[in-house]
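> I have a structure here, written as structure tokens, and I will follow up with some questions on it.
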Amino acid sequence: MASGGIPGKLGGLWQRLVGRADDAPPGEPSVSPTSQQTLADDTPPTQAEVGSTPPDLHDFELGAEIGRGAMAIVYKATQRSTGRQVAIKRLALSREFSSEDLADVRDRFMREARAARALQHPDILQVVDAGQDGRDAWLALEYVLGRDLSLFTKPGQLLPVREVVQIGARLARALDYAHSQGVIHRDIKPANVMLDRINGSLKLMDFGIARVGDGSRTRTGLVLGTPSFMSPEQLAGLTVDGRSDLYSLGVLLYQLLTGTLPHQSESMARLMQQIATEPAPDVRIHRPGLPESLALVLAVAQEKRPELRYPNGEQMARDLEAVLIMDLQNEPATPEAVKPQDDAFAQTLRLTPEEAGQNRRSSALPGESHEPPQAP
Ligand SMILES: Nc1ncnc2c1ncn2[C@@H]1O[C@H](COP(=O)(O)OP(=O)(O)OP(=O)(O)O)[C@@H](O)[C@H]1O
Ligand SMILES: [Mg+2]
């Protein structure tokens, strides 16, 4: 697929979705065809490393599978040298990227892993180690109990409003910290946040993973990032900063509060148009009991133009805390009934060129497998 032609009519959309070589921001090496290193199937991987000692997957004893996404399988594991329990995330880079792109993709993966590993925050999942395994890559992550927030976007399973707003304030502060360290997440969505309601732990995960494929086409048209949560500038393939993550956080909160996404369509082209041009509907359309102050915070976060949004996560966190104090003191603990949602495009998608304008409903319905359809 990577070397196959892109149908002319869909080329622009297709290229925006999978990233383009000439989109690399200033300071990042861009991937030009001439600078690409061709990697034969049996070429050994480069010895990039995250820590001071070379990372080795053999230091981890892999246990049961605990989850999977569009590009990765996650296993419970034990680090032999320390006895520490971790989660190992194996990314099938060689399945997703062509041989020519693989070296660049792996380098980018190691750069992103190094940046993510430097983040130390109670609400950000700690990256323990990262490395390459043959032609693929892996991350060792702090293992956490609980569920990812996508569970709480389903009708009948919504969290109490107070809890959602508290989660929003914590995530906004975690993002403020990451942005101050020069790290942008790029794929804020419920599935990338783990919540343990028993001990109150909240962990934002997968920093920078959506950046790994930038500039390279995937074999199967994997969209790195999740369209429904992407800011207009990210969807347009423009340079993004922390305000793009705050937009995505606004969408995440909207979905946690209502079980509905602000923009939905069966057509990818129409969805992109909505995100680019149409204001998000007032959240109270879906849940009339919500306070106006909360609706305003979400509206500011989801402004089309970054300069009209919160300038940083701290300000968004403070506004969410003000909503808690002013308007949610007496909020009941049980969620109100909400109508069923259609969470089209709420997950990372795998598109073939033929279906680039279509949403494969079978891959997006609630309760179904997270395993995306395999491209032919
Ligand atoms: N450190 C961890 N501890 C415990 N469970 C984890 C950990 N990391 C991931 N998981 C589980 O594995 C699931 C799959 O994670 P993964 O990031 O591969 O997929 P995703 O975020 O659902 O989709 P995408 O492919 O778009 O990233 C998570 O949703 C979570 O339930
Ligand atoms: Mg993820």
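Here the UniProt record's numbering is used: the first residue of the sequence shown is 1, the next is one more, and so on.
We put the beta carbon where it would ideally sit given N, CA and C, even for glycine.
(1) What's the gap between the Cα of A77 and the Cα of D104?
(2) Please report the straight-line C-alpha distance between G83 and T260, rounded to a whole angstrom.
(3) At the level of alpha carbons, what is the spacing between R117 and S267?
(4) Suppose the cutoff is 7 Å on Cβ atoms and the five residues either side in sequence are ignored; what does the same chain contact list for A174 look like?
(5) Inspect the CB distances between the region 243-261 and the region 295-312 and report whether three or more fall short of 8 Å.
(6) Under the rule that 16 or more other beta-carbon atoms within 10 Å means buried, what is D101, buried or exposed?
(7) Do you know offhand how far E371's Cα is from L324's?
(8) What whole-angstrom Cβ distance do L298 and G250 have, given they're in contact under 8 Å?
(9) Pick helix, strand or coil for Q166, following the three-state DSSP scheme.
(10) Where in the region 206-273 do unbroken runs of the alpha helix (DSSP H), each at least 4 residues long, occur, reported from the N-terminal end onward?
(11) In terms of DSSP beta bridges, what is residue 377 paired with?
(12) A280 and Q264 - do their beta-carbons sit closer together than 8 Å?
(13) From which residue to which residue does the alpha helix (DSSP H) around Q126 run?
(14) Can you check whether the CB of F207 is closer than 8 Å to the CB of H185?
(15) When DSSP builds the beta bridges, which residues end up paired with K76?
(16) Mind checking who R68 pairs with in its DSSP beta bridge?
(17) Give the DSSP bridge partners of A103, in chain order.
(18) For L61, collect the residues of the same chain with a Cβ closer than 7 Å to its Cβ; drop the 5 residues on either side in sequence, then sort them by chain order.
Per the coordinate set shown:
(1) Within the sequence shown, numbered from 1, the residue matching residue 77 stands at position 77. Within the sequence shown, numbered from 1, the residue matching residue 104 stands at position 104. Answer to the nearest angstrom: the Cα atoms are 28 Å apart.
(2) Walking along the sequence shown from the start, residue 83 turns up at place 83. Walking along the sequence shown from the start, residue 260 turns up at place 260. A direct Cα-to-Cα measurement between G83 and T260 gives close to 42 Å.
(3) Taking the first residue of the sequence shown as position 1, residue 117 is located at position 117. Taking the first residue of the sequence shown as position 1, residue 267 is located at position 267. Each residue's Cα considered, the two are about 37 Å apart.
(4) As a working mapping, residue 174 is identified with position 174 in the sequence shown. Only H121, D123, I124 and L204 meet the Cβ criterion.
(5) The region 243-261, when compared against the region 295-312, does touch it at the 8 Å Cβ threshold.
(6) Position 101 of the sequence shown, counted from the first residue, corresponds to residue 101. Counting Cβ neighbours within 10 Å, D101 comes out buried, since at least 16 surround it.
(7) Reading the sequence shown from its first residue, position 371 is the one you call residue 371. Reading the sequence shown from its first residue, position 324 is the one you call residue 324. Legend: pLDDT at E371 = 32, less than 50; position of this residue unreliable, value from coordinates given subsequently. Distance between the alpha carbons of E371 and L324: 37 Å.
(8) One-based indexing of the sequence shown puts residue 298 at position 298. One-based indexing of the sequence shown puts residue 250 at position 250. Their Cβ separation, rounded to whole angstroms, is 5 Å, which keeps L298 and G250 in contact under 8 Å.
(9) If you number the sequence shown from 1, residue 166 lands on position 166. Here Q166 carries a helix assignment [DSSP, helix/strand/coil].
(10) Runs found: 232-235 and 242-258.
(11) Given that the chain is displayed from residue 1 to residue 376, the structure contains no residue 377 and the question cannot be resolved.
(12) Here residue 264 corresponds to residue number 264 of the sequence shown, with the count starting at 1. Here residue 280 corresponds to residue number 280 of the sequence shown, with the count starting at 1. In this structure, Q264 lies away from A280, with their beta-carbon atoms at least 8 Å apart.
(13) As a first step, residue 126 is located in the sequence shown; it is residue number 126 there, counting from the start. Careful: Q126 lies outside any alpha helix (DSSP H) and carries neither H nor E.
(14) Translated into positions along the sequence shown, residue 185 becomes position 185. Translated into positions along the sequence shown, residue 207 becomes position 207. Yes.
(15) Mapped onto the sequence shown, residue 76 falls at position 76. Bridge partners of K76: A87.
(16) Position 68 of the sequence shown, counted from the start, is the residue given in the question as residue 68. Residue pairing by DSSP places R68 opposite I73 in a beta bridge.
(17) The count along the sequence shown starts at 1 and reaches residue 103 at position 103. None, per the DSSP bridge assignment.
(18) As a position in the sequence shown, residue 61 is number 61, starting the count at 1. According to the sequence shown, residue 61 is Glu rather than Leu. If the five residues before and after E61 are omitted, its C-beta is found closer than 7 Å to the C-beta atoms of A77, T78 and R80, all from its own chain and listed in chain order.
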